[in-house]
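I have placed the structure first, in the form of structure tokens, so that the comments after it can refer back to it.
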Amino acid sequence: MSLHTTKLLINALKKLGELMCDPDNELAAIIQNAQHHNAWFTPTEVKKSLSSLGEMLNESDLEQWFSTICLTTTPKKVGLILAGNIPLVGFHDVICVLATGNTALIKMSSSDDKLIPTLLAQLVNLEPSLADRIQYVERLKDFDAIIATGSNNSSRYFDYYFGKVPNIIRKNRNSVAVLSGNETTVEIEDLGHDIFDYFGLGCRNVSKIYIPKGYEIKNFFEPLEKYQPIINHFKYNNNYDYNKSIYLVNAVKHYDNGFLLVKEDLSFTSPLAVLYYEEYDSINNIEKLLDNAHDNIQCVVSNINLSIKKETISFGESQHPRLWDYADDINTVDFLLNLVK
Numbered sequence: 001m002s003l004h005t006t007k008l009l010i011n012a013l014k015k016l017g018e019l020m021c022d023p024d025n026e027l028a029a030i031i032q033n034a035q036h037h038n039a040w041f042t043p044t045e046v047k048k049s050l051s052s053l054g055e056m057l058n059e060s061d062l063e064q065w066f067s068t069i070c071l072t073t074t075p076k077k078v079g080l081i082l083a084g085n086i087p088l089v090g091f092h093d094v095i096c097v098l099a100t101g102n103t104a105l106i107k108m109s110s111s112d113d114k115l116i117p118t119l120l121a122q123l124v125n126l127e128p129s130l131a132d133r134i135q136y137v138e139r140l141k142d143f144d145a146i147i148a149t150g151s152n153n154s155s156r157y158f159d160y161y162f163g164k165v166p167n168i169i170r171k172n173r174n175s176v177a178v179l180s181g182n183e184t185t186v187e188i189e190d191l192g193h194d195i196f197d198y199f200g201l202g203c204r205n206v207s208k209i210y211i212p213k214g215y216e217i218k219n220f221f222e223p224l225e226k227y228q229p230i231i232n233h234f235k236y237n238n239n240y241d242y243n244k245s246i247y248l249v250n251a252v253k254h255y256d257n258g259f260l261l262v263k264e265d266l267s268f269t270s271p272l273a274v275l276y277y278e279e280y281d282s283i284n285n286i287e288k289l290l291d292n293a294h295d296n297i298q299c300v301v302s303n304i305n306l307s308i309k310k311e312t313i314s315f316g317e318s319q320h321p322r323l324w325d326y327a328d329d330i331n332t333v334d335f336l337l338n339l340v341k
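Here you go:
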């Protein structure tokens, strides 16, 4: 990729980021209509995703990111199977393919098939040379590599069909938070974003907290009151009511603040509207536990300086990844650059 081409791409992506942070009329209409196709994609949540991704595409980070990209002019065809659990969740994979000079064969999720095409059309308007490198497909064929995101069940299907070509196949992951017990009210409020943004449907959402023995749950609940309106979303409310009834019928001990159920559990994967917790008496034990479970965890949120393999993220920042924060700790750009060697 020539320096001139890189500059053009950086400029186009920067302008796209500005549009995402300040949508024009066309994008604003898509934002408003998204919830009619997918009830989870409310205008508030879609705007939240657009803003986060728009911030990612700032000029400084783009220049730093592109400085690591040096590739041949012989593009490969990369099949992308995108997820649709939260708005625009596959956008970063598409950008990685385009930034490395490859061609994206995009199989959209039926849950999110309007937002990304709208944004990519805007990107092509800004940089027309990308037009031939973006293709939407119903069935993947004639590809050189695959990046597929799905559940643990779908990953077995992906392994079977795509295991013979270079691939990144992503499975279920969850994010956790480790509390010291000394968090400020503001820090717990910020943690609320990690828990409730996108209704808790993303792999970067915190689904479990680790708390010191003797921690008062009321100290956790009180700062979260600002998120109470989440219960007004009918699908979230349905999940809350269902899980609450199960716990009540089965006499399962839990805490309830009227919009979030908190239950002690060893698992990382909590049901929607439920947050699991586990008590600890030693940070060293938690560090060992998290390192042993490294492959099941997407993010670790904490104000503690943890000695673990995974980088710790500040409260409220799990849904604000930067260009080089790759899903599952697999460097997507390195994977794509190696295809052309």
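First residue of the sequence shown? That's 1 in this note's numbering, and the numbers climb one at a time after it. In this text, a Cβ means the ideal position worked out from N, Cα and C, and glycines have one as well.
Query	Result
Nearest to Ser154 (by Cα), restricted to the options Ala251, Phe234 and Arg170	Arg170
Which residues DSSP lists as bridging Gly79, in chain order	Leu105 and Ile146
Extent of the continuous alpha helix (DSSP H) run through Ile246	Phe234 to Val249
DSSP three-state assignment for Glu225, whether helix, strand or coil	helix
Tyr161 (DSSP reduced to helix, strand or coil)	helix
Which residues DSSP lists as bridging Asp112, in chain order	Ser109
Val252 (DSSP reduced to helix, strand or coil)	coil
Classification of Pro43 by the beta-carbon crowding that lies within 10 angstroms, buried from 16 upward	exposed
Presumed contact (8 Å Cβ cut-off) between Pro23 and Leu50, rounded CB distance	7 Å
CB of Ala99 within 9 Å of CB of Leu13, strictly	yes
Rounded straight-line distance, which links the Cα of Arg139 to that of His320	32 Å
Those residues which DSSP pairs with Leu261 across a bridge	Asp256 and Val274
Ile10 and Phe66 closer than 9 Å at C-beta	yes
Own chain, CB closer than 8 Å to Tyr215, minus 5 neighbours either side, in chain order	Leu179, Gly181 and Glu279
Spatial distance of Met20 from Gly84 (CA atoms)	19 Å
Nearest-angstrom beta carbon gap, Leu80 and Gly90 [assumed within contact, 8 Å]	7 Å
Secondary structure of Ile31, DSSP reduced to three states	helix
Inter-residue CB distance, Asn205 and Ile195 (contact presumed, cutoff 8 Å)	6 Å
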